[in-house]
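Q: Taking this note's numbering, the leading residue of the sequence shown gets 1345, the next gets one more, and so forth.
Cβ coordinates follow ideal geometry from the N, Cα and C atoms, glycine included.
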Amino acid sequence: MVNQQVIKAVAIAPSPRLKRRSQEDRRAESDRRIIGAAIQLIARKGSAGTTLAEIGVAAGYSRGLPSERFGTKHALLDAVIDRTEAAFQAQLAIDVGGKSGLAAVEARMEAHVNGALRSPDGVRALYLIYMESLTVAPELHPRIAAQGNAYREGFVRHLREARRAGEVRADTDLQLHATMILGALRGVLTQWVIDPAAVDLTAAKAALVAFARRALTSGVVAPGKRGRAGSDA
């Protein structure tokens, strides 16, 4: 007779595949917590003032686990940027959706501010990293610059749609206006990072969108009035 204890042991023993899956899940969870702790600490005191050991403890793990997982502080900061960028892209998908042209320009502007409203630590940490990439963390500067270029190109794309639809003037300098829009957004968000109590982000969002709309549509003749304007000449 087969030993019943052997049968039971075989039946309850986890398969190598399940065990491997469990290990992967635990690793993913610990990485998620480490990155989350890094964001919270960086939001409070910047990346230069935050150590890997502090992040490990804040995440509920050993002081050495962040170094073991990410190797260097630079690599962990890259992971922080990845997390914040993923959150922004998700916000962008919600706000822009299927919009195009001027409506998409405005929705994209709102997405930048909504990200700060919904995930203040993430945006604050990211903006502090922006600033530090110019001083104490120059190794991050190429990535930060590329991210800014991508954000500008997003506005350029929607401005081009707006120009084709006749929503903005035909002579609109798309690159220049995209630069001005992104600059205005980043200026407001930087002020908020420096002194959150001094900046009402919800009011600033509405004002920025209204300002951009006025600047972009000034001198544009509404489609319904073009024929009448021509007949009056």
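1) Taking all protein chains shown into account, do 16 or more other C-beta atoms lie within 10 angstroms of the C-beta of H1502, making it buried, or fewer, making it exposed?
2) Quick one, which of G1404, L1446, F1555 and I1399 has its alpha-carbon nearest V1500's?
3) Check whether the segment 1482-1496 touches the segment 1514-1531, counting contact only when three or more Cβ pairs, one atom from each stretch, lie closer than 8 Å.
4) Counting Cβ pairs closer than 8 Å, one from the segment 1401-1420 and one from the segment 1429-1440, do we hit at least three?
5) Nearest chain B C-beta to G1459 closer than 9 Å, yes or no?
6) Using the C-alpha atoms, what's the distance from A1528 back to A1506?
7) With K1549 as the anchor, note down where its alpha helix (DSSP H) starts and where it stops.
8) Work out the CA separation of V1564 and L1421 for me, nearest whole Å.
9) The alpha helix (DSSP H) that contains A1506, what's its start and end?
10) Any idea what DSSP makes of V1564, helix, strand or coil?
11) Ignoring anything shorter than 4 residues or poking outside the segment 1359-1396, list the alpha helix (DSSP H) runs there in chain order.
12) Answer with buried or exposed for H1456, where buried requires no fewer than 16 other C-beta atoms within 10 angstroms of its C-beta.
13) Just how far apart, CA to CA, sit L1518 and A1434?
14) How far does the alpha helix (DSSP H) with A1542 in it reach, from first residue to last?
15) Using a 10 Å radius around the Cβ and a threshold of 16 neighbouring Cβ atoms, would you call R1558 buried or exposed?
16) Between I1379, S1391 and E1429, which has its C-alpha nearest I1473's C-alpha?
17) For the alpha helix (DSSP H) containing A1514, name the first residue and the last one.
18) Specify, as a first and last residue, the run of the alpha helix (DSSP H) that S1411 falls within.
19) Only counting the same chain, and skipping five residues up and downstream in sequence, which positions put a Cβ closer than 7 Å to that of P1482?
A: Reading off the structure:
1) In the sequence shown, counting from the first residue as 1, residue 1502 sits at position 158. Answer is buried; the Cβ neighbour count reaches 16.
2) Indexing the sequence shown from 1 puts residue 1500 at position 156. That would be L1446, whose Cα lies nearest to the Cα of V1500.
3) The segment 1482-1496 vs the segment 1514-1531: in contact.
4) The segment 1401-1420 is not in contact with the segment 1429-1440.
5) Note that chain B does not occur in the displayed structure, where there is just one protein chain.
6) Looking up residue 1506 in the sequence shown gives position 162. Looking up residue 1528 in the sequence shown gives position 184. Taking the straight line from one Cα to the other gives about 20 Å.
7) The count along the sequence shown starts at 1 and reaches residue 1549 at position 205. Residues L1545 to T1561.
8) In the sequence shown, counting from the first residue as 1, residue 1421 sits at position 77. In the sequence shown, counting from the first residue as 1, residue 1564 sits at position 220. Those two C-alpha atoms are separated by around 45 Å.
9) Counted from its first residue, the sequence shown places residue 1506 at position 162. Taken as a continuous stretch (DSSP letters only), the alpha helix (DSSP H) holding A1506 covers H1485 to R1508.
10) Translated into positions along the sequence shown, residue 1564 becomes position 220. DSSP, reduced to helix, strand and coil, places V1564 outside both helices and strands of the structure shown, so it counts as coil.
11) With a minimum length of 4 residues, the continuous alpha helix (DSSP H) runs that stay inside the segment 1359-1396 are 1360-1389.
12) The count along the sequence shown starts at 1 and reaches residue 1456 at position 112. That one is buried.
13) Within the sequence shown, the letter at position 174 stands for residue 1518. Within the sequence shown, the letter at position 90 stands for residue 1434. Distance from the CA atom of L1518 to the CA atom of A1434, rounded to whole angstroms, is 25 Å.
14) On the sequence shown, position 198 is the one that residue 1542 refers to. A1542: not part of any alpha helix (DSSP H); DSSP gives it neither H nor E.
15) For the purposes of this step, residue 1558 is taken as the residue at position 214 of the sequence shown. So R1558 counts as exposed.
16) Indexing the sequence shown from 1 puts residue 1473 at position 129. Of I1379, S1391 and E1429, the smallest CA-CA separation from I1473 is found for S1391.
17) Within the sequence shown, the letter at position 170 stands for residue 1514. Premise fails: A1514 is in no alpha helix (DSSP H) and is neither H nor E.
18) The count along the sequence shown starts at 1 and reaches residue 1411 at position 67. Here the alpha helix (DSSP H) through S1411 covers L1409 to F1414.
19) Residue numbering aside, residue 1482 sits at position 138 when the sequence shown is read from its first letter. Scanning its chain for C-beta atoms nearer than 7 Å, with the 5 sequence neighbours on each side dropped, one finds no residue around P1482.
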